[in-house]
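K.L.:
Numbering (mature numbering (1 follows the signal peptide of the UniProt record, and there is no 0)), first residue to last: -16 to -1, 1 to 392.
1) Decide if residue 351 is buried, meaning its Cβ has at least 16 other Cβ atoms within 10 Å, or exposed.
2) What's the gap between the Cα of residue 422 and the Cα of residue 161?
3) Less than 7 Å between the CB of residue 262 and some heavy atom of the ligand SAM, yes or no?
4) Using a 10 Å radius around the Cβ and a threshold of 16 neighbouring Cβ atoms, would you call residue 167 buried or exposed?
5) Which value, in whole angstroms, describes the spacing of the CA atoms of residue 154 and residue 170?
6) Quick check: residue 110 and residue 140, are their CB atoms within less than 8 Å of each other?
7) Which same chain residues, not among the five before or five after residue 317, have their C-beta less than 6 Å away from its C-beta?
8) With distances taken between CB atoms, is the gap from residue 133 to residue 123 smaller than 8 Å?
9) Just verifying my parser: in three-state terms, what is the DSSP assignment at residue 129?
10) Quick one: is residue 83 buried, meaning 16 or more other Cβ sit within 10 Å of its Cβ, or exposed?
11) Our contact map puts residue 327 next to residue 294 with C-beta atoms below 8 Å; I'd like the distance itself, whole angstroms only.
12) In the DSSP assignment, find the unbroken beta strand (DSSP E) run with residue 331 in it and report its ends.
13) Report the rounded CA-to-CA distance for residue 373 versus residue 209, giving the unit in angstroms.
14) Between residue 89 and residue 138, how many whole angstroms is the CB-CB distance? I'm expecting something under 8 Å.
15) Among 108, 92, 118, 17, which has the Cα closest to the Cα of residue 101?
16) Just the Cα atoms here: how many angstroms apart are residue 19 and residue 342?
17) Any contact between the region 271 to 278 and the region 319 to 339? By contact I mean 3 or more CB pairs, one from each, below 8 Å.
18) Am I right that residue 270 and residue 296 are in contact with their C-beta atoms under 8 Å? What's the rounded C-beta distance?
19) For residue 404, report the span of its beta strand (DSSP E) as first-last.
20) For residue 37 and residue 331, I'd like the C-alpha separation in whole angstroms.
21) Per DSSP, what kind of secondary structure is residue 51 in: helix, strand or coil?
22) For residue 172, does the count of other Cβ atoms within 10 angstroms reach 16, so buried, or fall short, so exposed?
23) Considering only residues of the same chain and omitting the five flanking positions on each side of residue 279, which have a CB-CB separation below 7 Å?
24) Reducing DSSP to helix, strand and coil, say where residue 166 ends up.
25) With distance defined between alpha-carbon atoms, name the residue in 212, 354, 390, 178 nearest to residue 364.
26) Could you give the distance in angstroms between the alpha-carbon of residue 212 and the alpha-carbon of residue 221?
27) Does residue 181 come out as helix, strand or coil in the three-state DSSP assignment?
28) From residue 392 to residue 375, what distance separates their C-alpha atoms?
29) Report, in whole angstroms, the separation of the C-beta atoms of residue 47 and residue 355, which I expect to be a contact under 8 Å.
30) Report the three-state DSSP secondary structure of residue 288 (helix, strand or coil).
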């Protein structure tokens, strides 16, 4: 349950103003990467074997930042996603590449949000005067129907967006009040750090990550409203993302621009080749058997078109060998490598407990999973056999521990 104090903070303000100037370094010029308790819990939970013993041998580090570790929405297992606080945590946990999912506001400014229309589940907008501007203002659960709301970044201006507080992503469909509706944090996460997360614009994200000297992975989110939007085209949207990095004089080699829309990838390859050469094609085609087969067959053609990095959800990269009952690379993974492309994948630490085989991310290997430590069993196959370039994680420390242990 969300704490009463946290709910009260998010609920009482008409327009809550986040704290300014969040201290990201505590005055130190040196970063000591810290992985906390969770990796040790996972390792101790593993079945006995060579991998467990190897990971146990790395218990005392030292640990350092790794580009193998990609921060997914900050450190969203425990911090509100796409917040300054989440970036600070991800950096401390050793992520070498930090993410900002990019959406646009009513005044066509770019901000960090996982989806264009998720403000009702990731912020306190429903408890502010801005709730009246939502595409679908809050409607309580009634007569057997769930509660509803839909609040988009395109419903408000960037200035209005910046007045909001971030909360943990979640909602209660049975809520009859806004406060009840907001109280929906998944059971395996926490509200401990969710009192009023600081939202970021794309420019603010760039400044923070640049100050760290680390790399960027901005994702151009697929719009949830018809495009063009008041004359704003998809191509201009894609260009604006790149222009933000150019305005800050960021070396393109530090930027892994992402999109689920292949036309965005092709646009960058053609019009911004220095950025397009390491654009990341987020591949959702694998979500159906037919799509998986078509995706696997398309790799040579995508490589010819200049795509260098594929990024499906990690379930698509492994399978269970029926003869040995071991986890091995999938046909999709082999096809990507045969085509000469790299692989990044998502999202570690997003599944809760694995004692029942896991969820979406483990669907092809669930028959051989029995404990949370099996997360590392899967990661080991992805790293050592599939040879992924990087793993997005909701809790980067877990991947940092593995990456340092294996010199990645």
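The beta carbon of each residue, even a glycine, is placed where N, CA and C say it ideally should be. Keep in mind it's a predicted model, so treat the numbers as computed, not measured.
P.N.:
Short version:
1) Position 367 of the chain shown, counting from 1, holds the residue named residue 351. Per the 10 Å Cβ criterion, exposed.
2) The structure shown has nothing for residue 422, since the chain only spans -16 to 392.
3) Inclusion of the ligand SAM in the displayed structure is not the case, the ligand content being empty and no account of it being possible.
4) Numbered from its first residue, the chain shown carries residue 167 at position 183. Residue 167 should be labelled buried.
5) For the purposes of this step, residue 154 is identified with residue 170 of the chain shown, where counting begins at 1. For the purposes of this step, residue 170 is identified with residue 186 of the chain shown, where counting begins at 1. Rounded to whole angstroms, residue 154 to residue 170 spans 7 Å at the Cα level.
6) Locating residue 110 in the chain shown gives position 126, where the first residue counts as 1. Locating residue 140 in the chain shown gives position 156, where the first residue counts as 1. Their beta carbons are not under 8 Å apart, which means residue 110 does not touch residue 140 by this criterion.
7) The residue you call residue 317 lines up with position 333 of the chain shown. Hits under 6 Å: 301, 370.
8) For the purposes of this step, residue 133 is taken as residue 149 along the chain shown, with counting starting at 1. For the purposes of this step, residue 123 is taken as residue 139 along the chain shown, with counting starting at 1. Yes, the pair counts as a contact, with Cβ atoms nearer than the cut-off.
9) Start at 1 with the first residue of the chain shown, and residue 129 comes out as number 145. Strand, per DSSP.
10) Taking the chain shown and counting its residues from 1, one reaches residue 83 at position 99. Result: buried.
11) Taking the first residue of the chain shown as 1, we reach residue 327 at position 343. Taking the first residue of the chain shown as 1, we reach residue 294 at position 310. Indeed, because the Cβ distance is near 6 Å, the residues count as touching under 8 Å.
12) Working through the chain shown from its first residue, we reach residue 331 at position 347. Segment 326 to 332, the beta strand (DSSP E) holding residue 331.
13) Residue 373 sits at position 389 when you count from the first residue of the chain shown. Residue 209 sits at position 225 when you count from the first residue of the chain shown. Their Cα atoms are separated by approximately 33 Å.
14) Counted from its first residue, the chain shown places residue 89 at position 105. Counted from its first residue, the chain shown places residue 138 at position 154. Yes, they are in contact, since the Cβ atoms of residue 89 and residue 138 sit about 6 Å apart, within 8 Å.
15) Against the chain shown, residue 101 aligns to sequence position 117. Closest option to residue 101, Cα to Cα, is 118.
16) Taking the first residue of the chain shown as position 1, residue 19 is located at position 35. Taking the first residue of the chain shown as position 1, residue 342 is located at position 358. Cα to Cα, residue 19 sits roughly 23 Å from residue 342.
17) no
18) Translated into positions along the chain shown, residue 270 becomes position 286. Translated into positions along the chain shown, residue 296 becomes position 312. Sure, about 5 Å apart at Cβ, within 8 Å.
19) Outside the shown range of the chain (-16 to 392) lies residue 404, about which nothing can therefore be said.
20) Translated into the one-based positions of the chain shown, residue 37 becomes position 53. Translated into the one-based positions of the chain shown, residue 331 becomes position 347. About 25 Å.
21) Numbered from its first residue, the chain shown carries residue 51 at position 67. Note: residue 51 maps to strand in three-state DSSP.
22) Your numbering for residue 172 matches position 188 in the chain shown. Exposed: under 16 other Cβ atoms inside 10 Å.
23) The residue labelled residue 279 in the question sits at position 295 within the chain shown. Answer for residue 279: 267, 269, 270, 316, listed in chain order.
24) The count along the chain shown starts at 1 and reaches residue 166 at position 182. Of the three classes helix, strand and coil, the one that applies to residue 166 here is helix, per DSSP.
25) Sequence index remark: in the chain shown, residue 364 carries index 380 (1-based). Of 212, 354, 390, 178, the residue nearest in Cα terms is 390.
26) Looking up residue 212 in the chain shown gives position 228. Looking up residue 221 in the chain shown gives position 237. Using only the alpha carbons, I get a separation of about 10 Å.
27) Here residue 181 refers to the residue found at position 197 when the chain shown is read from its first residue. The answer is strand: DSSP assigns residue 181 an E or B state.
28) As a working note, residue 392 is residue 408 in the chain shown. As a working note, residue 375 is residue 391 in the chain shown. Approximately 11 Å between the Cα atoms of the pair.
29) If you number the chain shown from 1, residue 47 lands on position 63. If you number the chain shown from 1, residue 355 lands on position 371. That pair is no contact at about 24 Å.
30) As a working note, residue 288 is residue 304 in the chain shown. Helix.
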